[in-house]
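Data block below; observations after.
Residue numbers (my numbering): 14 to 116.
Shown next, in the form of structure tokens:
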């Protein structure tokens with residue numbers, strides 16, 4: 014499964030292919046992108062503990078069933094305007110502090 018959710022300053026690509034799951038954020042003004050699964054805000058949406066090995070990974074290898082569940086959960090919170098706006102603010106902070114890839 015694959016979808017794109019358009020935000021104010023970012024587009025979010027959600028990909029779940031049965032073994033892999035990730036969310037890719039594209040900053041529209043700079044065309045820089047990052048895989049954001051390990052952003053604290055996203056980890057908390059999925060209730061992932063800081064001790065979980067996925068914390069250090071930006072793309073997750075998971076079961077097909079879990080991949081489907083994560084896809085639905087990601088789409089749900091990114092379609093919520095308040096949640097999406099909060100994530101966009103956090104991404105602005107993250108982008109200023111870290112390295113994002115050129116598209």
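Backbone N, C-alpha and C fix where the C-beta goes; we use that ideal spot for every residue, glycine too.
Backbone secondary structure at residue i - three-state DSSP
i: residue 29; result: strand
i: residue 112; result: coil
Spatial distance of residue i from residue j (CA atoms)
i: residue 90; j: residue 58; result: 8 Å
i: residue 171; j: residue 85; result: An answer regarding residue 171 cannot be provided, because it is not within the stretch 14 to 116 covered by the chain.
i: residue 20; j: residue 81; result: 22 Å
i: residue 113; j: residue 44; result: 10 Å
i: residue 54; j: residue 15; result: 21 Å
i: residue 111; j: residue 63; result: 20 Å
i: residue 97; j: residue 31; result: 25 Å
i: residue 49; j: residue 94; result: 18 Å
i: residue 27; j: residue 37; result: 7 Å
Integer Cβ distance of residue i from residue j, believed to fall under 8 Å
i: residue 34; j: residue 75; result: 6 Å
*Quick one: which unbroken alpha helix (DSSP H) runs of 4-plus residues sit fully inside the region 17-98? Chain order, please.*
53-58 and 77-92
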